[in-house]
Amino acid sequence: MHTKRRREQQRAGASAPLGAASAEELQGNDIAQEDSYPDVGPPVDPEATRSDPVASDLEEMLIQRFDVYFKVAIGSYDRRPVRRPEGEIPKDLLAAGNAVLARKLGSLPAANGRQCISRLNAAVYAIARSIAATADSLRQERMPDDPKRRLKELIELRRSQLCVVSTLTEEIRRRQALRQRKEGAKVRPSQNFLRIAAVHRIRRRGELGLVLRRFKDQLNVTQLEIRKLEETRRRKLVRRKGASFVVQERAEFPSQVPVASVREYWLPIVGMSRPFEVRPELEEWSRTLGPLPRETPLQSGELTEGASRSRTGFARVGWY
């Protein structure tokens with residue numbers, strides 16, 4: 001009896017239409033379900049993220065820089081501090097950095113606890129410097145050309161290039177001293193050279209000379225560009241301040257040229273005085289012409305002044 005009555009109640013509830021209250025409750029439940037996680041967006045397919053060309057380009061840029069910085073960090077604890085880039089770091093770049101870091105840590109060989117912590121430390125440092133350098137490069141691409149900022153970057157680049165050139169030059173001198181068996185020659189290379197050799201993969205003596213030649217060429221180009229930017233800045237300063245600035249600058253720094261330098265400059269142009277030598281050709285020419293007359297035709301009266309003017313053309317051009 002009770003079972004039959006329960007079945008009838010269930011049938012009646014299933015066939016009955018929903019009321020207004022139940023519909024509002026269901027709608028509210030749907031809204032609550034949608035707003036339960038406001039900060040979480042729609043699910044992202046990892047394959048779609050990998051196929052994004054912008055993300056893949058960022059990861060490639062980070063991987064190239066990561067390999068360089070990781071070699072430097074794993075070889076020495078004397079590291080350069082990570083400088084925070086200007087402005088806000090893009091979220092896509094941070095996500096790409098996390099992906100590269102996870103991938104690189106997964107590809108490292110297994111090690112004990114101390115080595116694992118050292119590699120983790122070096123990897124975090126390398127990805128931090130890679131993100132900072134990539135963010136600066138992306139910001140420079142978006143920003144217009146700034147000569148002042150460019151000059152500052154070139155001066156810093158010249159400082160690093162000079163450091164590399166001096167280190168490689170000292171290494172070449174050290175090896176020459178060892179070959180010549182000089183006293184006091186260092187047997188082992190410096191730590192700076194070892195770091196540079198690890199970054200640029202210097203393994204042979206010929207490769208050392210090639211890298212040094214390349215850095216010297218880059219240093220010359222950097223110095224020429226710095227000189228060009230400084231000259232451009234000086235011209236702009238002169239144009240802005242006017243001619244009075246130029247006059248005042250010349251008055252403050254008068255040019256005093258030594259007499260000896262002036263004579264040395266003009267000597268190959270003017271030459272030196274030498275005694276006149278009478279050659280046989282000149283003597284023969286003098287005998288052919290004969291002696292010169294004592295008086296000119298104008299002085300002797302054979303040629304009048306008007307005739308001389310008409311003959312020479314001075315009267316026509318108005319010289320008299």
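The UniProt record's numbering numbers the first residue of the sequence shown as 1 and each following residue consecutively.
The C-beta atom is built at its ideal place from N, Cα and C for all residues, glycine as well.
Please read these numbers as outputs of a predicted model, since none were measured by experiment.
Between alanine 185 and the rest of its own chain, which residues show a CB-CB distance below 6 angstroms, the 5 nearest in sequence each way excluded?
Ala177 and Leu178
What are the uninterrupted segments assigned as beta strand (DSSP E) that are 3 or more residues long and contained completely in the stretch 272–296, given in chain order?
For the stretch 272–296, not one full-length beta strand (DSSP E) segment reaches 3 residues or more.
DSSP three-state assignment for tyrosine 265, whether helix, strand or coil:
helix
Could you work out which residue in Ala132, Pro258 and Gly206 is closest to proline 85 when comparing CA atoms only?
Ala132
Can you name, in chain order, every residue of its own chain whose Cβ lies under 6 angstroms from the Cβ of arginine 65, other than the five neighbours on each side?
Listed in chain order, the non-local C-beta contacts of arginine 65 below 6 angstroms within the same chain comprise Ser130 and Ala133, local neighbours out to five positions each way being set aside.
Cβ neighbour criterion (16 or more within 10 Å) applied to isoleucine 155
So isoleucine 155 counts as exposed.
Contiguous beta strand (DSSP E) assignments of at least 3 residues, all confined to the stretch 65–127:
Taken in chain order, the complete beta strand (DSSP E) segments of 3 or more residues contained in the stretch 65–127 number zero; there are none.
Selected residue, minimal CA-CA separation from valine 100, among Arg114, Gly113, Ser118 and Ala123
Ala123
Using three-state DSSP, classify glycine 206 as helix, strand or coil.
Three-state result, glycine 206: helix.
Under three-state DSSP, which class holds glutamine 218?
helix
Out of Lys71, Gly113 and Ala96, which one is the CA nearest neighbour of serine 56?
Ala96
Under the three-state DSSP convention, the category alanine 197 falls into
DSSP places alanine 197 in helix when its eight states are reduced to three.
Beta-carbon contacts of glutamate 108 that lie in its chain and below 6 angstroms, excluding the five residues immediately before and after:
According to the sequence displayed, residue 108 carries leucine and not glutamate. Cβ within range, chain order: Arg119.
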